[in-house]
Each structure stands twice: as structure tokens, then as C-alpha cells.
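Heads up: the structure comes next, in C-alpha cells.
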Amino acid sequence: MQNTKLALTAAGVGLVMALTACGSNSSGGDTGSGDSGGSNNGGTKVGVILPDTKSSARYESQDRPLLQKALSDAGLDPIIQNAEGDTTKFSSIADSMISQGAKVILMSNLSSESGAAVQKKATEAGVATIDYDRLTLGGSADYYVSFDSTTVGNLQGQGLVDCVGAKPGAQIIQINGSPTDNNATLFKAGALEVLQPKYDSGEFRLAGDQAIPEWDNQVGATTFEQLLTANGGRVDGVLAANDGLAGAVITVLQKNGLNGTVPVTGQDATEDGLRAVLRGDQCMTVFKDVAKEAAAAAELAIDLANGDTAAADAKATATSEDPEGNRQVKSVLLDPITITRDNVKVAVDGGAVTADALCTGDVAQACADAGIS
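All letters in the sequence shown, in the order written, are residues 28 to 400 by the working numbering.
See the structure below:
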């Protein structure tokens with residue numbers, strides 16, 4: 028994958044700051060999983076299709092209100108809907124947006140195949156498309172906005188190495204994301220850049236490796252338990268692709284009296300994930316500042332809605348390889364941050380969750396110790 032790093036423009040930074048001020052609990056727009064109509068201001072319509080509420084809670088709690096506010100504040104008329112994991116619904120939502128006259132569709136696909144079909148219809152209707160958070164392989168999106176997924180995997184792999192420490196022959200189980208999500212493929216590839224040399228040298232032993240369809244946490248728990256049992260109940264570290272799967276793994280470890288002694292990785296810096304990190308049940312997560320991602324995506328959508336492709340091109344300073352489409356997609360790629368118990372405050376200060384929501388119950392003292400208030 029050929030990627031170059033993003034350098035935000037001054038205008039982009041300004042929008043990031045404005046969005047960050049909203050926080051993840053922004054009141055802008057509908058934060059439920061239902062439909063969110065436009066701003067009714069007569070502006071150009073921009074469609075936003077969110078993928079689900081299962082793979083990560085962030086899409087409804089953070090992305091929706093941030094995108095709603097940014098697009099509305101720019102005088103556009105955003106139509107934001109959630110496909111709830113249903114590819115048929117995803118397609119029908121796109122059809123409706125096209126028929127309503129949306130000039131741009133910003134989308135997080137459920138699969139590359141269904142996403143590419145939607146993008147083909149949009150292109151034929153003269154509607155610009157932006158891949159948001161997930162690249163559609165074989166698609167025709169004009170731009171792609173996300174975090175550098177290979178780097179996310181690097182951070183997870185290194186985080187696991189750091190947490191396991193010097194333990195020759197450490198038994199590692201990998202619980203990967205959905206096989207239909209290109210990001211999950213890149214997360215795993217990035218992690219293996221760090222872990223594979225450990226496997227090859229015998230320092231670590233790969234005791235189990237399984238992708239979890241649709242990022243389903245219940246399937247993740249069942250799968251992990253089966254792999255753990257098959258390995259005689261022994262595990263020294265778990266590479267879990269996101270906080271939801273990490274939580275599923277932790278429930279199994281708790282049942283077996285292993286939680287807190289077996290390092291588990293994660294991603295997304297969700298409230299539950301950060302709580303697990305503060306408790307010591309999860310050794311790390313990855314903070315992807317959704318405010319910055321939403322800001323970058325909104326800027327591109329605003330440019331395209333205004334017919335200013337030159338401005339959009341100037342912001343997309345990176346490229347991402349689409350091997351199925353045999354093309355390089357103009358991209359905005361942001362840098363993720365490793366979060367451990369020592370720097371949870373970074374995620375809180377960045378708007379992943381509020382201190383009031385996080386610092387309750389059994390993690391209140393850990394929050395105080397970490398300087399979170």
C-alpha cells in the first residue's frame with residue numbers, strides 16, 4: 028500500500044478545532060440510529076451513509092453529530108442514515124439519496140462489493156462519492172478519508188509486544204476484524220509487520236488466528252473460547268482488532284480467571300475500551316480522533332458540493348492503493364495514537380469520551396490517578 032501522510036491545511040485545522048469543541052456528545056443532529064434529515068435550509072444535499080451500530084459505537088455517538096453539524100454549518104443539507112449492517116438497506120438508502128438530488132454521498136461501506144455497486148450508480152447519476160473510514164476495493168470513490176490502517180495495525184502489534192514483554196514461546200491468539208472490511212485486512216497486515224518476526228524466531232507462537240464476520244462481538248467471544256480451549260486453556264496475549272472484540276475476549280478470560288493477566292489489544296478508544304484499559308483488563312487501545320476525520324471528510328464534501336474539485340484535490344495529499352480497481356485513490360490519511368493506562372487522558376482530552384461519563388464506579392480512582400477530571 029502506497030501512502031503518504033496528511034498535512035492538514037490551515038482551514039482544515041480550523042474546522043477540526045470547531046468540531047472538537049463539540050465533543051463526542053455533541054447535540055448537533057440526531058444521535059440515534061434512525062434517519063437524520065437535512066438542515067432544511069435549502070442548501071445542496073449531501074448524503075452520509077453510516078454502516079452499522081455493531082462494528083463500533085463511534086458511528087452514531089461521534090461521527091453522526093460531528094458530520095451533521097459541520098455540513099449544516101456550511102449551509103448544506105445533510106441526509107444522514109445508518110444501514111444497520113444490511114447491504115440491501117445500504118443500497119436503498121443510496122438510491123433514495125440519489126433520487127433526492129444529493130450532489131455528494133459520503134459512505135462507510137459494509138462490503139467492497141455492495142459499496143462498489145452503490146458508487147457505480149452514483150457515478151452514473153453524476154453524484155460524487157467519498158469513501159469514509161473504509162476503502163471500497165474495486166469501487167469508484169473520488170476520495171478516501173480515514174486513518175492509516177496499516178499504522179493502526181503496527182501500533183496494535185507493538186502494543187502487544189510491549190505488554191507481553193520478555194516471555195519466550197508466548198502463546199498468542201489473534202481475533203481479527205471482518206474479512207469483508209478492507210480496514211481489517213490492513214490492521215492485521217500492519218500487526219504482522221511487528222509480530223511475524225516474533226513468530227518466525229519462535230519468541231512468540233501463534234496459537235490461533237480467526238477473522239470475525241461483521242465484527243460480531245458474540246461470534247468473537249465464541250470463537251476465542253474455542254481457540255483457547257483448543258490450545259489447552261493457555262494464552263499469553265490476544266491481538267483483538269477493536270475494543271468491541273477485546274471486550275468479548277475479556278469476558279471469556281474473566282470466566283477462566285485470566286483477565287488482567289493476559290494482555291489484550293483494542294482499537295477505537297471507546298468508553299468501554301478505556302474503562303478496560305484503566306482496570307488493567309485491556310493493555311492498550313488505539314485512539315483515532317474522529318473529530319479530525321469528520322472534519323477532513325466534511326471539508327471534501329463541502330468542496331465537492333460547491334463544485335470546487337481543485338480545493339478538494341489540494342486537501343487529499345495522500346494516495347491509497349485499490350488493488351482490485353487497479354488504481355490509486357486520492358486520500359486524506361490521519362495518524363492514530365496508542366493509548367495505554369498511562370495516557371488515557373490523551374483520548375479524553377481529544378474527545379473520545381467525557382471525563383464525567385468515563386470516571387465513574389470502579390475506575391473513578393484510576394481516573395484520578397491518571398489526572399483525568
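Where a beta carbon is used, it is the ideal one built from N, C-alpha and C, also for glycine.
**Study point:** DSSP-derived helix/strand/coil call for N333
**Key:** For the purposes of this step, residue 333 is taken as the residue at position 306 of the sequence shown. It is coil, neither helix nor strand.
**Study point:** Nearest-angstrom Cβ-Cβ length linking A216 and F251, presumed shorter than 8 Å
**Key:** For the purposes of this step, residue 216 is identified with residue 189 of the sequence shown, where counting begins at 1. For the purposes of this step, residue 251 is identified with residue 224 of the sequence shown, where counting begins at 1. That belief does not hold up - the Cβ atoms of A216 and F251 are roughly 21 Å apart, past 8 Å.
Review point. To the nearest angstrom, how far is it from the Cα of N30 to the Cα of A211?
Key: Translated into positions along the sequence shown, residue 30 becomes position 3. Translated into positions along the sequence shown, residue 211 becomes position 184. Legend: pLDDT at N30 = 44, less than 50; position of this residue unreliable, value from coordinates given subsequently. Taking the straight line joining both Cα atoms gives about 17 Å.
Review point. Which whole-angstrom value is the C-beta distance of L93 and A318, which I expect to be below 8 Å?
Key: The residue labelled residue 93 in the question sits at position 66 within the sequence shown. The residue labelled residue 318 in the question sits at position 291 within the sequence shown. L93 to A318, Cβ: 6 Å. Contact.
**Study point:** N209 and S135 closer than 8 Å at C-beta
**Key:** Here residue 209 refers to the residue found at position 182 of the sequence shown. Here residue 135 refers to the residue found at position 108 of the sequence shown. No, Cβ-Cβ distance for N209 and S135 is not below 8 Å.
**Study point:** Top-ranked residue by Cα proximity to E326, from D263, Y171, A144 and A143
**Key:** For the purposes of this step, residue 326 is identified with residue 299 of the sequence shown, where counting begins at 1. Residue Y171 is the option with its Cα nearest to E326.
Practice item. Can you tell me which of L360, A397, D340 and T150 puts its alpha carbon nearest to the alpha carbon of R302? Key: Position 275 of the sequence shown, counted from the first residue, corresponds to residue 302. Cα-wise, what sits closest to R302 is A397.
**Study point:** M134: first and last residue of the uninterrupted beta strand (DSSP E) it sits in
**Key:** Counted from its first residue, the sequence shown places residue 134 at position 107. Start and end: V131 to M134.
Review point. Terminal residues of the continuous alpha helix (DSSP H) containing G388?
Key: As a first step, residue 388 is located in the sequence shown; it is residue number 361 there, counting from the start. Note, G388: premise wrong, no alpha helix (DSSP H); not H, not E.
Exercise for review: Report, in whole angstroms, the separation of the C-beta atoms of F174 and K315, which I expect to be a contact under 8 Å.
Suggested key: Here residue 174 refers to the residue found at position 147 of the sequence shown. Here residue 315 refers to the residue found at position 288 of the sequence shown. That pair is a contact at about 5 Å.
Point to revise | Own chain, CB closer than 6 Å to G287, minus 5 neighbours either side, in chain order | key: As a first step, residue 287 is located in the sequence shown; it is residue number 260 there, counting from the start. If we look at G287 and ignore the five residues flanking it on each side, its Cβ neighbours are G307 and D308.
**Study point:** K81 - containing alpha helix (DSSP H), residue span
**Key:** Taking the first residue of the sequence shown as 1, we reach residue 81 at position 54. Per DSSP, K81 belongs to no alpha helix (DSSP H) and is neither H nor E.
Check your understanding: Beta carbon of E241, beta carbon of K81: below 8 Å?
Key -> Locating residue 241 in the sequence shown gives position 214, counting from the first residue. Locating residue 81 in the sequence shown gives position 54, counting from the first residue. Taking 8 Å as the Cβ cut-off, E241 and K81 qualify as a contacting pair.
**Study point:** Per-residue burial, T207 [other beta carbons within 10 Å of its own, 16 or more giving buried]
**Key:** Along the sequence shown, one-based indexing puts residue 207 at 180. Looking at its Cβ environment, which holds 16 or more other Cβ atoms inside 10 Å, T207 is buried.
Point to revise | Uninterrupted beta strand (DSSP E) stretches inside the region 165-228 (no shorter than 3 residues) | key: The qualifying runs are 170-174 and 197-203.
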